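Residues in the sequence shown are numbered from 195 upward in steps of one, following the numbering used here.
Think of the CB as a built atom: it goes at the ideal place given N, C-alpha and C, for glycine as much as any other residue.
Keep in mind it's a predicted model, so treat the numbers as computed, not measured.
Report on one structure; see the data block that follows.
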Amino acid sequence: MSSRPTRGERKQRAAAVSVWSNLSLTGIKLAAGVVTHSVSILSEALHSGLDLIAALMAFLAIRKAREPADADHQFGHGKFESMSGLAESLLILVAVVVILWASVGRLISGETELAQTELGIVVMGISAGVNIFVSRMLFRVARETDSIALEADAWHLRTDVWTSAGVFAGLGIIVAATRLGFVEAHHLDPIIAIGVGVVIAKAALQITGRSWNQLVDRALPASEVERIENLLRDHYPQFAGYHGLRTRQAGSHRYVDLHLVVAGSLPVAEAHALCDHLEADVRRLIPGAEVMIHVEPKRRNE
Numbered sequence: 195m196s197s198r199p200t201r202g203e204r205k206q207r208a209a210a211v212s213v214w215s216n217l218s219l220t221g222i223k224l225a226a227g228v229v230t231h232s233v234s235i236l237s238e239a240l241h242s243g244l245d246l247i248a249a250l251m252a253f254l255a256i257r258k259a260r261e262p263a264d265a266d267h268q269f270g271h272g273k274f275e276s277m278s279g280l281a282e283s284l285l286i287l288v289a290v291v292v293i294l295w296a297s298v299g300r301l302i303s304g305e306t307e308l309a310q311t312e313l314g315i316v317v318m319g320i321s322a323g324v325n326i327f328v329s330r331m332l333f334r335v336a337r338e339t340d341s342i343a344l345e346a347d348a349w350h351l352r353t354d355v356w357t358s359a360g361v362f363a364g365l366g367i368i369v370a371a372t373r374l375g376f377v378e379a380h381h382l383d384p385i386i387a388i389g390v391g392v393v394i395a396k397a398a399l400q401i402t403g404r405s406w407n408q409l410v411d412r413a414l415p416a417s418e419v420e421r422i423e424n425l426l427r428d429h430y431p432q433f434a435g436y437h438g439l440r441t442r443q444a445g446s447h448r449y450v451d452l453h454l455v456v457a458g459s460l461p462v463a464e465a466h467a468l469c470d471h472l473e474a475d476v477r478r479l480i481p482g483a484e485v486m487i488h489v490e491p492k493r494r495n496e
């Protein structure tokens, strides 16, 4: 009977699926964009190309983050995931600049005529369907393994779903309008591409914020800190108090440390057992957390 895959293995498999799906979609969109002369489809091809780079980065970062702590990285390699998330978001912003530049250029030049638009509609439909499936899988694994790199990759693909659906609808409108004699409907193509860029930029800024917070060791969300504090208050009868509670996150790893004040007469063995008990409770409360508790004796004047 095969054993259940570890968190690291599940993350790496999910990242590999993303790599292959993005590789396929990039090629299909690029070919369709060249054939149809559609800047919105070419923008989507660029979007998927950057998704492919992002997926490769996530795959490599997750593999690196799985490595155990060593002499040079004594707290592990979790921040490689955070770095990957930040780099991916910056790549998205580069895509936005390129998309906007090409779209505005098309509008100014007036070169918006399309060819074989129906092919573009089919390709955008396929792209949206594939990315719905893959992004849902990535979001699920990211949530279960607390992976910022996979979450960033999932947001890449989720924005691709929205933008592909927008291009799909826009091309459909262009086809219908053209058949009714409204040739100017072709101008809608670069306008759709601009909308694609705006949606992508919003997702990029959100990912940038989360990744940056991890890299600068920002404290865990207030809700998680409150849960830790409530747990400590529930154990107040067993110790005299605590102070110096600190938290941070690196990739899917969370770190919690605090100073625990106990009665000066408490035997060392009992104080150690109390720390072990509290650390286990915090790890149950926040799975995967690494907890460090420093014991201090209560001073007589306290």
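In or out: Y436 buried (at least 16 other Cβ within 10 Å) or exposed? For the purposes of this step, residue 436 is taken as the residue at position 242 of the sequence shown. Around the beta carbon of Y436, 16 or more other beta carbons lie within 10 angstroms, which makes this residue buried.
Could you check what DSSP says for H187 in three-state terms: helix, strand or coil? For residue 187 there is no data in the structure shown, the boundaries of the chain being 195 and 496.
Residue range of the beta strand (DSSP E) that includes E490: Start at 1 with the first residue of the sequence shown, and residue 490 comes out as number 296. Start and end: 483 to 491.
My assumption, with CB atoms under 8 Å, is that V361 sits in contact with M318. Please give the rounded CB distance. Here residue 361 refers to the residue found at position 167 of the sequence shown. Here residue 318 refers to the residue found at position 124 of the sequence shown. With a Cβ gap of about 5 Å, V361 and M318 count as contacting.
Can you tell me whether T200 is buried or exposed, with buried defined as 16 or more other CB within 10 angstroms of its CB? Residue numbering aside, residue 200 sits at position 6 when the sequence shown is read from its first letter. Counting the other Cβ atoms within 10 Å of the Cβ of T200 gives fewer than 16, which makes it exposed.
Pairs of beta-carbons, one from the stretch 240 to 256 and one from the stretch 345 to 352, closer than 8 Å: are there three or more? Two segments are said to touch when three or more pairs of C-beta atoms, one from each, lie closer than 8 Å; by this definition the stretch 240 to 256 touches the stretch 345 to 352.
What residue range does the alpha helix (DSSP H) around A364 cover? Here residue 364 corresponds to residue number 170 of the sequence shown, with the count starting at 1. The sequence shown places Gly at residue 364, rather than the Ala named in the question. It spans 342 to 373 - the alpha helix (DSSP H) in which G364 sits, taken as one unbroken run.
Leaving out the 5 sequence neighbours to the left and right, which residues in its chain are closer than 7 Å to L294 when beta-carbon positions are compared? For the purposes of this step, residue 294 is identified with residue 100 of the sequence shown, where counting begins at 1. Correct list, in chain order: I388, G391.
Rounded to whole angstroms, what's the CA-CA distance from R477 to E345? Just pull it up for me. By one-based count along the sequence shown, residue 477 stands at place 283. By one-based count along the sequence shown, residue 345 stands at place 151. Rounded to whole angstroms, R477 to E345 spans 22 Å at the Cα level.
Let me know the secondary structure DSSP gives L439 once reduced to three states. Sequence index remark: in the sequence shown, residue 439 carries index 245 (1-based). Three-state DSSP puts L439 in a strand.
Compute the distance between the beta-carbons of V233 and P384, then report whether it is under 7 Å. Taking the sequence shown and counting its residues from 1, one reaches residue 233 at position 39. Taking the sequence shown and counting its residues from 1, one reaches residue 384 at position 190. With a cutoff of 7 Å on beta-carbon distance, V233 and P384 are scored as near each other.
Can the beta-carbon of A239 be found closer than 7 Å to that of L224? The residue you call residue 239 lines up with position 45 of the sequence shown. The residue you call residue 224 lines up with position 30 of the sequence shown. Taking 7 Å as the Cβ cut-off, A239 and L224 qualify as a contacting pair.
Excluding the 5 residues flanking G458 on each side, which residues of the same chain have their C-beta closer than 6 Å to its C-beta? Taking the sequence shown and counting its residues from 1, one reaches residue 458 at position 264. These residues qualify, in order along the chain: P491, K492.
Out of Q432, V213, V229, S237, point me to the one whose CA is closest to L254's CA. Here residue 254 corresponds to residue number 60 of the sequence shown, with the count starting at 1. Selected option, being the one with the closest Cα: V213.
How many angstroms separate the CA atom of L301 from the CA atom of I386? Counting from one through the sequence shown, the residue named residue 301 turns up at place 107. Counting from one through the sequence shown, the residue named residue 386 turns up at place 192. In this structure, the alpha-carbon of L301 lies about 11 Å from that of I386.
Going by the beta-carbon positions, is the gap between A343 and S278 smaller than 7 Å? Counting from one through the sequence shown, the residue named residue 343 turns up at place 149. Counting from one through the sequence shown, the residue named residue 278 turns up at place 84. Yes; because the gap between Cβ atoms is below 7 Å, this pair is in contact.
Rounded C-beta distance between S405 and L280? I'm assuming under 8 Å. Position 211 of the sequence shown, counted from the first residue, corresponds to residue 405. Position 86 of the sequence shown, counted from the first residue, corresponds to residue 280. About 4 Å separates the two Cβ atoms, so the contact holds.
With 16 other CB atoms within 10 Å as the buried threshold, where does A209 fall? Counted from its first residue, the sequence shown places residue 209 at position 15. When all chains shown are included, A209 counts as buried.
H523, DSSP secondary structure in three states: With the chain running from 195 to 496 in the structure shown, residue 523 is simply not present.
Three-state class that DSSP yields for P415 in the structure shown: As a first step, residue 415 is located in the sequence shown; it is residue number 221 there, counting from the start. Note: P415 maps to coil in three-state DSSP.
Below 8 Å on the Cβ atoms is my contact criterion, and I expect T441 with Y430 to pass it. Report the Cβ-Cβ distance as a whole number of Å. Against the sequence shown, residue 441 aligns to sequence position 247. Against the sequence shown, residue 430 aligns to sequence position 236. About 20 Å separates the beta carbon of T441 from that of Y430, a gap too long to meet the 8 Å contact definition.
Among G366, L468, I480, the one whose alpha carbon lies nearest that of V419: Mapped onto the sequence shown, residue 419 falls at position 225. A check of alpha carbon separations from V419 across G366, L468, I480 identifies I480 as the nearest.
Among D354, L399, Q432, which residue has its Cα nearest to the Cα of S329? Residue numbering aside, residue 329 sits at position 135 when the sequence shown is read from its first letter. Measuring from the Cα of S329, the nearest candidate turns out to be D354.
Start-to-end residues for the alpha helix (DSSP H) that takes in H471: Counting from one through the sequence shown, the residue named residue 471 turns up at place 277. Counted as a single uninterrupted DSSP element, the alpha helix (DSSP H) harbouring H471 occupies residues 462 to 479.
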